[in-house]
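Residue numbers (numbering that gives the first Met the number 0): 0 to 173. We put the beta carbon where it would ideally sit given N, CA and C, even for glycine. Okay, so here's the structure we're looking at.
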Amino acid sequence: MNEERKLLTFRSSTRKMYNTPFTFEELKIALDKSRPTSPGPDKTHYNMIKNLSENSMRTLLLLYNIIWLKECFPVAWRESVVIPIPKPGKDPQVPNNYRPIALTSCLCKLMERMVNSRLVHSLEESGFLSKFQSGFRHGRGTIDNVLKLETAIRDAFVTKKHLVSVFFRYGQSL
């Protein structure tokens, strides 16, 4: 197992929105956005969490806030069940023709969703993200950049100018 070389410290003297206790509303929103996926090693399904009583849900929220404020990430949440899925149209006898899917705890993914929501909100509000970053942003997508490139190509063609475009491909991502 790879351990972090330097432990990260998240303590701050300021009470920013992103480091306050989670609210019941944040938990409900995160749960509503969760799709029914396979459970991780703890065998807890999203449907089980969605069917908790309000009192039990508030107890779960208390647990999340203890984890968040005390920075004590449960060891069990670091585990996953890895399932190899064959790539379509590829020889199943070749190990590289599989992609691994890691099934992690739905309880962990629910907390991750709440944390991610806060981080995205904070990054968007602060203007930290580049205006050219379109992937993984609400209301935007990589197609936006493709359309901008297409427009630049058409403009260059009409005005009889040159246009240079550089593309990178990482590993076997395509």
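What first and last residue would you give for the beta strand (DSSP E) that runs through LEU102? 97-102
Taking the alpha carbon of LEU106 as the reference point, which residue from VAL157, THR58, LEU162, PHE167 has its own alpha carbon closest? THR58
Whole-angstrom distance between SER133 and ASP143, CA atom to CA atom: 7 Å
Contacts around ASP90, its chain only, beta-carbon distance under 8 Å, and the 5 residues preceding and following it disregarded: ASN96
Any idea what DSSP makes of GLU149, helix, strand or coil? helix
Whole angstroms is fine: what's the gap from ASP154's alpha carbon to THR141's? 20 Å
Mark LEU162 as exposed unless 16 or more other C-beta atoms lie within 10 angstroms of its C-beta, in which case mark it buried. exposed
Determine the contact status of LEU26 and MET113, defining contact as a CB-CB distance below 8 Å. yes
What number of angstroms, rounded off, separates the C-alpha of ASP41 from the C-alpha of PHE127? 37 Å
Give the DSSP-derived three-state secondary structure of PHE23 in the structure shown. helix
Closest to ILE28 by CA distance: which of LYS49, SER37, THR43 is it? LYS49
GLN132 beta carbon near the ligand COA (any heavy atom closer than 7 Å): In the structure shown, the ligand COA is absent, as is every other ligand, since no ligand is present at all.
Could you please give the first and the last residue of the uninterrupted alpha helix (DSSP H) stretch that includes VAL242? Since the first and last residues shown for the chain are 0 and 173, residue 242 lies out of range.
Have a look at LEU30, ASN46, LYS86, LEU102 and flag the residue whose alpha-carbon is nearest the alpha-carbon of SER187. What the structure shows of the chain is the stretch from 0 to 173, and residue 187 is not part of that stretch, so it cannot be assessed.
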